[in-house]
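Numbering (this note's numbering), first residue to last: 2 to 215.
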């Protein structure tokens, strides 16, 4: 399992090039069904547009799809796809909508315009680095809670849940690469009286308190 970069949520940006209006839409998509649904929604919302060019990149099956949607071959979908690849994003779908302004842009102009529309949408998004993570359960007496709570940030751990009953019960999330070091430090700190239990392994983002999971 390796880290990958995606986006937290939808993003949109637009610009005008020689009277043609371009609107870039970017959306997270973990499956082809999600990507296609977003494309269809854009086509429905912008039914009167001249073109709704799209591209998407998925980890699932290493899927890559694109469409020029009636623009000259290679002038729309491929440039959008190349922006996503160059930015290192996966599990994303991008639609660039065009309202024709009456002035032909030429093949080179279209490539630049669709690339720019996709790049603006990417720049408007919040990126998330998704890492292989392990969720651990910890149970301890109150005498250890203060020490353990100070240890967790040293390993970049995020506390998912806490319960203060007869004992303190925590659910925490750490990057896989930090687990062994954390377990060793925890054993030394508590004389092996607090033993973590693995609950789950999954991809998640640990970038701040509002980071997403997936």
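Just so it is clear, CB atoms sit at the ideal spot from N, CA and C, and this is done for glycine as well.
Quick one: give me the first and last residue of the beta strand (DSSP E) that residue 29 is part of.
-> As a first step, residue 29 must be located in the chain shown, where it is residue number 28. Boundaries of the beta strand (DSSP E) around residue 29: 21–29.
Just tell me which of 188, 99 and 51 has its CA closest to the CA of residue 116.
-> As a first step, residue 116 must be located in the chain shown, where it is residue number 115. Nearest of 188, 99 and 51 to residue 116, Cα basis: 99.
Identify which residue in 48, 65 and 153 has its Cα closest to the Cα of residue 31.
-> Indexing the chain shown from 1 puts residue 31 at position 30. It is 65.
N- and C-terminal bounds of the alpha helix (DSSP H) containing residue 16 | Position 15 of the chain shown, counting from 1, holds the residue named residue 16. In the DSSP annotation of this structure, residue 16 is not part of any alpha helix (DSSP H); the continuous beta strand (DSSP E) holding it starts and ends at 12–18.
Give the secondary structure of residue 49 by DSSP, where H, G and I count as helix, E and B as strand, and everything else as coil.
-> As a position in the chain shown, residue 49 is number 48, starting the count at 1. Coil at residue 49, not helix or strand.
Since residue 191 is in the alpha helix (DSSP H), which residue starts that stretch and which ends it?
-> Along the chain shown, one-based indexing puts residue 191 at 190. Here the alpha helix (DSSP H) through residue 191 covers 177–191.
In terms of residues, what are the limits of the alpha helix (DSSP H) holding residue 68?
-> In the chain shown, the residue the question calls residue 68 occupies position 67. Residue 68 -> not in any alpha helix (DSSP H); beta strand (DSSP E) instead, spanning 65–68.
Under 8 Å between the Cβ atoms of residue 139 and residue 171?
-> On the chain shown, position 138 is the one that residue 139 refers to. On the chain shown, position 170 is the one that residue 171 refers to. Yes, they are a contact pair.
Selected residue, minimal CA-CA separation from residue 198, among 48, 175, 206 and 23 | Residue numbering aside, residue 198 sits at position 197 when the chain shown is read from its first letter. Nearest C-alpha to residue 198: 175.
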